[in-house]
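Chemist:
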Amino acid sequence: MQGSFADSLAAQVHAAVVRAIAAEFDGEVASAIPDSINLERPKNRDHGDYATSIALQLAKVAGKNPRDIATLLQKEIATIGGISAVDIAGPGFINITVDRSAQAELVTVILDSGAHYGESTALAGVSVNLEFISANPTGPLHLGHTRWAAVGDALGRVLSAAGASVTREFYINDRGRQMDLFGESVQAAAQGKPIPEDGYQGEYIAELAKEVVAKNPGISSTIEFREAAYQVQLAQQQHVLKDFHTTFDVWFSERSLHESNAVDHALEKLRSQGHVFEEDGAVWLRTTDFGDDKDRVIIKEGGDLTYFASDTAYYINKRERGFDICIYMLGADHHGYVQRLKATAACAGDNPDYNIEILIGQLVKIMEGGEELKLSKRAGTIITLEELVEKVGVDAARYTLIRYPVDTPMVMDLDILKKNTNDNPVYYVQYAHARIAAVLRNASDLGISATLEKFNSGELTHDRENELLGALAEYPRIVTTAAQLRQPHRIARYLEELAGVYHGFYADCRVLPLGDEPISDVHHARAALCAATRQVLANGLALLGVSAPERM
RNA sequence: GCGCCUGUAGCUCAGUCGGAUAGAGCAACCGCCUUCUAAGCGGUAGGUCGCAGGUUCGAUUCCUGCCAGGCGCGCCA
Numbered sequence: 255m256q257g258s259f260a261d262s263l264a265a266q267v268h269a270a271v272v273r274a275i276a277a278e279f280d281g282e283v284a285s286a287i288p289d290s291i292n293l294e295r296p297k298n299r300d301h302g303d304y305a306t307s308i309a310l311q312l313a314k315v316a317g318k319n320p321r322d323i324a325t326l327l328q329k330e331i332a333t334i335g336g337i338s339a340v341d342i343a344g345p346g347f348i349n350i351t352v353d354r355s356a357q358a359e360l361v362t363v364i365l366d367s368g369a370h371y372g373e374s375t376a377l378a379g380v381s382v383n384l385e386f387i388s389a390n391p392t393g394p395l396h397l398g399h400t401r402w403a404a405v406g407d408a409l410g411r412v413l414s415a416a417g418a419s420v421t422r423e424f425y426i427n428d429r430g431r432q433m434d435l436f437g438e439s440v441q442a443a444a445q446g447k448p449i450p451e452d453g454y455q456g457e458y459i460a461e462l463a464k465e466v467v468a469k470n471p472g473i474s475s476t477i478e479f480r481e482a483a484y485q486v487q488l489a490q491q492q493h494v495l496k497d498f499h500t501t502f503d504v505w506f507s508e509r510s511l512h513e514s515n516a517v518d519h520a521l522e523k524l525r526s527q528g529h530v531f532e533e534d535g536a537v538w539l540r541t542t543d544f545g546d547d548k549d550r551v552i553i554k555e556g557g558d559l560t561y562f563a564s565d566t567a568y569y570i571n572k573r574e575r576g577f578d579i580c581i582y583m584l585g586a587d588h589h590g591y592v593q594r595l596k597a598t599a600a601c602a603g604d605n606p607d608y609n610i611e612i613l614i615g616q617l618v619k620i621m622e623g624g625e626e627l628k629l630s631k632r633a634g635t636i637i638t639l640e641e642l643v644e645k646v647g648v649d650a651a652r653y654t655l656i657r658y659p660v661d662t663p664m665v666m667d668l669d670i671l672k673k674n675t676n677d678n679p680v681y682y683v684q685y686a687h688a689r690i691a692a693v694l695r696n697a698s699d700l701g702i703s704a705t706l707e708k709f710n711s712g713e714l715t716h717d718r719e720n721e722l723l724g725a726l727a728e729y730p731r732i733v734t735t736a737a738q739l740r741q742p743h744r745i746a747r748y749l750e751e752l753a754g755v756y757h758g759f760y761a762d763c764r765v766l767p768l769g770d771e772p773i774s775d776v777h778h779a780r781a782a783l784c785a786a787t788r789q790v791l792a793n794g795l796a797l798l799g800v801s802a803p804e805r806m
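Just so we're aligned, residue 255 is where the first sequence starts under this note's numbering, counting upward by one.
Now the structure itself:
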């Protein structure tokens, strides 16, 4: 699965550069060579299959013209096997053209690796706690949660593919004033009384009340209502997320934190680190020691715990469960928490630049009928996750939410999502998969197996085939980068590119024999190339939690 | 006032250590189905990468300032 040609090429080029430099220059120049040389894929095909600007980077320290350096490197790089040409262009770019049959061996690698193609060990040995959504169990999940439901789930899969050990966790805020208000609201609705002033007003409260009463006929007290409604609401959230193909390993209750004395335990730990102090009758954490703009109260003057107390205890609990990296995915309206959470980790004696990561997602704006839908709980105009899925389907919703970087505020146009056209790129990618599936079905009928038995890499010499192979070779690097940067949208963007390249190949390269044309090696080779492409599309879509249909 | 995010084609948005002529989809226009899925392919048109400086062989990318928009700054949860 490792050792695709592109990977080994980068390593070999690096070695060649080191050799060439060592022969001509002193150690100073040699030490300027980066640990790994980035081979980029030029947009312009005239610039070869791979290019590197290493000569320009080394020119300054070497005190020579970049083109002279490039000439020096060119000879050494040309000795690498599987390369058909090394050219120097422009100010000193080195363009490498790969021998086509050598590149085509990638088909073998992909078909042998199957669903594992793209996996790596980049994050092997790292234990990650990935927390996302973490909604109050006081209402349905809405669009504010939806972006994370899709992106968080995809990120979890991507991190796993890069070798990390990932636990996906949902923190249930099942404690505090909001829960009490929730209980009072449901009770009021059930008993025909007015909902409290700052209580929950949505229509769902009335329905919830009915369901709760039906299940618990003798119910009367506020606490009973709160608990019964909590169970129903949580189950509903879990159900909706499951339908959205988002799964969690741990549903962590805030209450359990308090029942297990985790807050006291955390306080003790922080005290021992010397960052806890008392003032005005309250107990504080001196987060300003680590860049927060103000210190934070843990225990209020009256003895009650703040929400921050739970956050702190929860973080320490996570670390004591053995997670190296705790990733929090929060909405933009919580970005003020970043500093205090980082400072909390530092106060606990951890490395805030490694042990804790906070990803902030910008808000999603929803358009329908050319107008922005204002989301307001009070006005009852929230759109739930369930409604979104009903309107556009799981695949379209997930894909659309995932294909943008989360630090960009995004606009979702429901009218576009509802259309089964290429307005929505998910269909473009899925169509490529379905199209290949159709080709392979037909191939099978003709006795072309699309396996490696009759695969001859020397058959794949067409420009389109070469381009497709180049794209397929990129996939492992894309997955690794997406994992390292915590950016699953890179997978989606890559799949769109791959689908485009395949469609281009399909238009110019006939896979199956025409009419009574005899079956030859080229048909077998192209069918295998199709199978490899389908595999990569399927692997990528799987990382996004989007289906890869056999037919459309 | 302070902090975070954003500003790239008419629209929605990509663009990993700074690299070659800044990309994609949609919308517009012109072509391509007598054989593998036209939810496709090819082409045309469309840009002061918010503005101004700085760093250097080279800046959409890095630094500074400014402008515009979004969000946040509780012993609330």
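Beta carbons are placed, not taken as given, at the ideal position from N, Cα and C, and that holds for glycine.
1) To which residues of the same chain is ALA442 closer than 6 Å at the C-beta, ignoring the five residues directly before and after it?
2) Enumerated in chain order, which unbroken segments of the alpha helix (DSSP H) with a length of 4 residues or greater are wholly contained in the stretch 541-626?
3) For THR541 versus ASP534, is the C-beta spacing smaller than 7 Å?
4) Please state if the CB of VAL660 and the CB of VAL809 are separated by a distance shorter than 7 Å.
5) Is the Cβ-Cβ distance between ALA444 and ALA463 less than 7 Å?
6) Hey, out of GLY368, VAL361, ALA369 and GLU330, whose CA is closest to ILE350's CA?
7) Evaluate VAL790 with the Cβ neighbour count: other Cβ atoms within 10 Å of its Cβ, from every protein chain shown; 16 or more gives buried, anything less gives exposed.
8) At a cut of 8 Å, does the stretch 409-417 reach the stretch 457-473 through at least three beta carbon pairs?
9) What is the DSSP secondary structure of HIS396, counted as helix, strand or coil?
10) Give every residue of the same chain whose Cβ lies closer than 7 Å to the Cβ of PRO803, excluding the five residues on either side of it in the sequence, and list them in chain order.
11) Rounded to whole angstroms, what's the CA-CA distance from TYR682 to VAL363? Just pull it up for me.
12) Given this structure, state the Cα-to-Cα distance separating LEU706 from ARG747, to the nearest angstrom.
13) Among the residues of its own chain, which have a CB less than 6 Å from the CB of ASN470, if the five just before and after it don't count?
14) Look at CYS784 and VAL755 and say whether their C-beta atoms are less than 7 Å apart.
15) Can you give me the start and stop residues for the beta strand (DSSP E) that ASN667 sits inside?
16) Just mark ASN793 as buried or exposed, buried being the case when its beta carbon has 16 or more other beta carbons within 10 Å.
17) Based on Cα-Cα distance, which residue from ASN319, ARG354, GLY344 and GLY346 lies nearest to GLY335?
18) Which complete beta strand (DSSP E) runs does the stretch 485-532 hold, if anything under 3 residues is left out?
19) Quick one: what's got a C-beta closer than 6 Å to HIS301's C-beta in the same chain, skipping five residues either side?
20) Which first and last residues belong to the beta strand (DSSP E) in which SER338 is found?
21) Residue range of the alpha helix (DSSP H) that LEU326 falls in?
22) Quick check on the DSSP output: the beta strand (DSSP E) that includes ASN383 runs from which residue to which?
23) Quick test of your reading: ALA309 and LEU327, contact by CB under 8 Å. State the CB separation rounded to the nearest angstrom.
24) Mind checking which residues open and close the beta strand (DSSP E) that includes ASN349?
25) May I have the straight-line CA-CA distance separating ARG509 from THR654, to the nearest angstrom?
26) Shortest alpha-carbon distance to ILE287 belongs to which of VAL315, PRO296, TYR304 and LEU263?
27) Tell me which residue opens and which closes the beta strand (DSSP E) that ILE426 is part of.
28) When the Cα atoms are used, what is the spatial distance from MET583 to PRO663?
29) Quick check on DSSP: helix, strand or coil for TYR756?
30) Smallest Cα separation from LYS619: which of LEU723, ARG657, MET666 and ALA650?
31) Output the boundary residues of the beta strand (DSSP E) element that contains THR306.
Modeler: In terms of the structure at hand:
1) ILE449
2) 561-574 and 591-601
3) no
4) Here the chain comprises residues numbered 255 to 806, so residue 809 is not present and cannot be evaluated.
5) yes
6) GLU330
7) buried
8) no
9) strand
10) GLN684, HIS687 and ALA688
11) 26 Å
12) 29 Å
13) ALA482
14) no
15) Here the sequence assigns Asp to residue 667, which means Asn is not the residue at that position. 664-667 is the span of the beta strand (DSSP E), which, as asked, contains ASP667.
16) buried
17) ARG354
18) 504-507
19) ASN349
20) 337-343
21) 320-331
22) 381-385
23) 6 Å
24) 347-352
25) 35 Å
26) VAL315
27) 419-426
28) 15 Å
29) helix
30) MET666
31) 304-306
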